[in-house]
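Q:
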Amino acid sequence: MSEPPTPIPADMYKGWLFKWTNYMRGYQRRWFVLINGLLSYYRTQAEMGHTCRAAIVLTRANIAVEDSCSFVISNTGAETYYLKASSEVERQRWITALELAKSKAVHNMQAESDDSGDDCPKRPHATGYGGGDPDPELPWTLRTLTGKVEDLSTCNDLIAKHGSVLQKALSELEDVHEGTDAADKLRQVTERATLFRITSNAMVNACRDFLSSAQTHSKHWQKALQAERDQRVRLEDTLEQLAKQHNHLERAVREATVSSPSLRDPVVVSKGSGSSAKGNGSDDDDDENEFFDAMEDPVEFITVPAEPKVHGRSGDDVSGTSGELATDERALDARSSSTKQESLDARSLSTKQESLRPLKVEPVRQRRTHIPDKPNNYSLNSLWSIVKNCINKDLAKIPMPVHFNEPLSMLQRLSEDLEYHELLDKAATCQDSLEQMCYVAAFSVASYSTTAHRTGKPFNPLLGETFELDRLREYGYRSVCEQVSHHPPSAAHHASSERGWTLRQTITVASKFRGKYISLMPLGPIQCIFEKSNNHYSWTKVTTTVHNIIVGRLWIYQSGEMEVVNHRTGDRCHLKFAPYSYFSRDINRKVTGVVTDKDGVVHYGLSGNWGEKMEFSRLISKGEKNAEGKPRTLKAKELWRMIPLPEGAANMYHFSSLALTLNEPEEGVAPTDSRRRPDQRLMEAGHWDRANAEKERLEERQRVASREKEHDCRAVWFEKTDDPISGESMHIYKGGYWEAKAQGKWDMCPDIYPSPDPVVPSSTE
């Protein structure tokens, strides 16, 4: 009988086991060593210093028990060890040690793949409390305690397992009569009780370690909490003092405003008139310098998340307040001196009026958050009567009632692609083109995030219809769309951002009714160009399928393959939208992909689903593979996560926060803008019968116009050309729209919305 293994030191476990070799030799006695999640074996103990026969990593290993003495360790099929111990107690000691080592190895691997930089197990040096940086000891403490909790969880599972087995053995012992069977059962109970004692001791030791760690850091946390409380009290006192001082300064300014008009005498406030004026001139310079320095505050301190050069009005409002405060403080201090009373009062007022003159507060427009609820007094039974004779036909040529629409046009749906524009903002700052490709790929997937619940059909735009989305002040971008073709229906979209990117696309949707479902196949390229790197990306959308056309509730799914190409570097991202399968065990709406360079070498892996989030992981080294034969990667990081829909979205066509604002009435837009479309406006307001009549009138008018004025079917803001980089034919924005809006000149726009009936505006709550 082999000697029982001895855990020396705490992280090492070693002893003799029998390993299956082959059918000729059977089980052979080998010396096994378990250390740091790696199980190695040798023929003899003497070989430990120079010859290791083989080793298996427990991180992804599966440990299974076959019988009382045998167990199997399999590393996902790549390596499998069939092992046998000399007794059940010895086998269980090995099982316990292996499971604990596996748990620790998994935890350590996750910790090492974290890019926080806190990889050192040594306790970091604690910084002073109340400073600008967070305490670096906190992640280390949490990681230590988390590891202890995982040990407790593993021990708890083992205790539960062995406890149930022991209870079963005791129950069987009660039913056994005296004799040979009783001796065997008693021996089994003794062995299982020993196993239970071993695991219980491990649990007690783990609890002791956890308690010790928690007590060690308890005083430190209490001290940190008290420091934060003290800092909060100091900040509250400071804010209270500033508020009182601000009120006092406002009263002083009001008093100065109603004073003698002689205060505005240019001789008094001139910097070069007299000795007194000369002495005050330097103070004026200081005030002005301080005022403009305040305008240079970092952008993150401005409420509107945009660049200072574009949002100077909002930035001036904030910086102007601090500049006025500093100016008025100096004026108030100087006013206490009797020798300079009048001159400083006049200078303070003059500086105040001069700084206020350009600071016209123009707050960011508050967009609506609700639209009228979707009526429920209609039936979908008529859908079959409409489409039953349209199998394998293009649905774009079939007049559909507004009951199956949503109060948005296809141009507005195209603009919804900018819902997650911040992905392109981040991509514009990337130095590595391969990392930039990951953000562009995530942006292409995020455009489908709201389609999981949106079963309404958007309005087919009329020829010449446009839509503008101006978010320049809020987010630094704006876009314009135009319907450039009637048959086949085709729309062009152009968006530009001050963050350094341009997005453009030409989309033609081909639709077919297949009997039970409708297939929507977007055709045409989508391109994204980054100014700083000059990287030029292009891709096309995947197929959208609308299910349960005849019976059941409508639902939508995306499937197909998408390839994003960087035409400058040759990098590619291949994305696969998994088709829906009732029998599949994969996650719903699954998307996977890889990012490769021009030579086809994989650098990043992407995964997620198009209705929730996307993650990416970077390869550790090129060409290196794990035990499964797949490229080794670091821990996955989140690229994008869907913003939850607003409250009550189910009654508002499942619109996102951006979609709720797209049809909001807005002054100054082109007369061809989708917001001015009367049938769409009537539908949003809930007047569906009138909307149907108006829709039929507009579509019939367009059919007549297209027959009589075919030569007028030209785009106003776009022109068709071949892109010199990608070679793709598309409509590219030729400019002039925003200039026409600034001048209020829309003479070039066709008259596509003549409405004899007054339109009821929708609620803008």
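The numbers in the sequence shown follow the numbering used here, run straight up by one, and end at 1573.
Idealized CB from N, CA, C, for every residue including glycine.
1) Counting only runs that start and end within the segment 960-984, where is the beta strand (DSSP E) found for 3 or more residues in a row?
2) For the beta strand (DSSP E) holding E1599, just list the boundary residues, first then last.
3) Does DSSP put G1332 in a helix, a strand or coil?
4) I need the straight-line Cα distance from W1525 to E1230, nearest angstrom please.
5) DSSP on P1486, reduced to helix/strand/coil?
6) Tell me the residue span of the alpha helix (DSSP H) that contains R1515.
7) With DSSP collapsed to three states, give me the class of C1015.
8) Let me know the beta strand (DSSP E) ranges lying completely inside the segment 1196-1265, each 3 residues or longer, listed in chain order.
9) Measuring alpha carbon to alpha carbon, tell me which residue in H1411, T1404, A1444 and K1406 is nearest E1423.
10) Quick one: give me the first and last residue of the beta strand (DSSP E) that T1274 is part of.
11) Is there contact between the segment 954-974 and the segment 995-1010, where contact requires at least three CB pairs shorter than 8 Å?
12) Should M832 be labelled buried (16 or more other beta-carbon atoms within 10 Å of its own) or exposed?
13) Take I1540 as the anchor and find which of L981, G845 and H1302 has the nearest alpha-carbon.
14) For a test of the three-state rule: what should DSSP assign to V897, helix, strand or coil?
15) Starting from W1347, trace the beta strand (DSSP E) both ways and give me its first and last residue.
16) Starting from the Cα of S1534, find the closest Cα among R1312, G1368 and F1321 and give me that residue.
17) Within 10 Å of its beta-carbon, does K1340 have 16 or more other beta-carbons around it, so buried, or fewer, so exposed?
18) Here's a check: name, in chain order, each residue in its chain whose Cβ is nearer than 8 Å to the Cβ of H1519, leaving out the five neighbours to either side.
19) Pull up the distance between the alpha-carbon of P1562 and that of Y1461, whole angstroms please.
20) Checking 7 Å against the spacing of the C-beta atoms, do F1385 and V1402 come in under that value?
21) To the nearest angstrom, report how far apart L1277 and Y1285 are at their CA atoms.
22) Starting from L847, trace the beta strand (DSSP E) both ways and give me its first and last residue.
23) Between N1213 and S1537, what straight-line distance do the alpha-carbon atoms span, to the nearest angstrom?
24) Ignoring anything shorter than 3 residues or poking outside the segment 1366-1402, list the beta strand (DSSP E) runs there in chain order.
25) What does the Cβ neighbour count give for L1019, buried or exposed, with the cut at 16 atoms within 10 Å?
26) Could you check if R1279 is buried or exposed, using at least 16 other CB atoms within 10 Å of its CB as the buried criterion?
27) Going by beta carbon distance, what residues of the same chain come within less than 8 Å of E1446, once the five residues before and after it are set aside?
28) Rounded to a whole number of angstroms, what is the C-alpha to C-alpha distance between K1549 and G1543?
29) Identify whether I1179 lies in helix, strand or coil by the three-state DSSP scheme.
30) Here's a check: name, in chain order, each residue in its chain whose Cβ is nearer than 6 Å to the Cβ of I1315, leaving out the five neighbours to either side.
31) Just confirm the distance between the C-beta atoms of I1326 and I1357, as a whole number of angstroms; I'd bet it's less than 8 Å.
32) Rounded C-beta distance between D1487 and A1478? I'm assuming under 8 Å.
33) For the alpha helix (DSSP H) that L1466 lies in, which residues bound it at each end?
34) Nearest to D1181 by CA position, among R1397, Q1291, E1455 and S961, is which residue?
35) Less than 7 Å between the beta carbons of G1368 and T1352, yes or no?
36) How should Y1390 be labelled, buried or exposed, when 16 other C-beta atoms within 10 angstroms of its C-beta is the threshold for buried?
A: From the atom records:
1) Taken in chain order, the segment 960-984 contains no complete beta strand (DSSP E) segment of 3 residues or longer.
2) Residue 1599 lies beyond the range of the chain shown here (809 to 1573); nothing can be said about it.
3) For G1332, the three-state secondary structure derived from DSSP is coil.
4) The alpha-carbon atoms of W1525 and E1230 are separated by roughly 26 Å.
5) Per DSSP, reduced to three states, the secondary structure at P1486 is helical.
6) It spans W1496 to E1516 - the alpha helix (DSSP H) in which R1515 sits, taken as one unbroken run.
7) Helix, per DSSP.
8) Fully enclosed beta strand (DSSP E) runs of 3 or longer: 1213-1217.
9) Of the listed residues, the one whose Cα sits closest to E1423 is A1444.
10) Unbroken beta strand (DSSP E) run through T1274: T1274 to R1279.
11) Contact between the segment 954-974 and the segment 995-1010 is present, because at least three Cβ pairs lie under 8 Å.
12) Of the other Cβ atoms in all chains shown, fewer than 16 fall within 10 Å of the Cβ of M832; this residue is therefore exposed.
13) Its Cα nearest to that of I1540, the residue H1302 stands out among L981, G845 and H1302.
14) In this structure, V897 counts as helix in the three-state DSSP scheme.
15) H1344 to W1347 is the extent of the beta strand (DSSP E) around W1347.
16) When C-alpha distances from S1534 are compared across R1312, G1368 and F1321, the shortest belongs to R1312.
17) K1340 counts as exposed, since fewer than 16 other C-beta atoms from the protein chains shown sit within 10 angstroms of its C-beta.
18) Residue placement at H1519 is flagged as unreliable, the pLDDT there being 43, under the threshold of 50; the coordinate-derived value follows with that caveat. Taking H1519 as the centre and dropping the five residues before and after it, the same chain places no C-beta closer than 8 Å to its C-beta.
19) Their backbone Cα atoms lie some 28 Å apart in a straight line.
20) For F1385 and V1402, no; Cβs fall outside 7 Å.
21) Put simply, the backbone Cα of L1277 is about 9 Å away from that of Y1285.
22) Start and end: L846 to Y850.
23) When rounded, the distance between both Cα atoms is 30 Å.
24) Runs found: 1380-1385.
25) With a 10 Å radius around the Cβ and a threshold of 16 neighbouring Cβ atoms, L1019 comes out exposed.
26) Under this definition R1279 is a buried residue.
27) Hits under 8 Å: K1421, M1422 and E1423.
28) Cα-Cα distance, rounded: 12 Å.
29) Note: I1179 maps to coil in three-state DSSP.
30) Correct list, in chain order: A1299, P1330 and G1332.
31) Yes, I1326 and I1357 are in contact; Cβ-Cβ is about 6 Å, under 8 Å.
32) Not quite, the Cβ-Cβ distance comes to about 18 Å (not below 8 Å), so this is no contact.
33) It spans S1465 to L1470 - the alpha helix (DSSP H) in which L1466 sits, taken as one unbroken run.
34) For D1181, the closest C-alpha among the options R1397, Q1291, E1455 and S961 is that of E1455.
35) Contact annotation: G1368 and T1352 have beta-carbon atoms that are not nearer than 7 Å.
36) The residue in question, Y1390, is exposed, as its Cβ has fewer than 16 Cβ neighbours within 10 Å.
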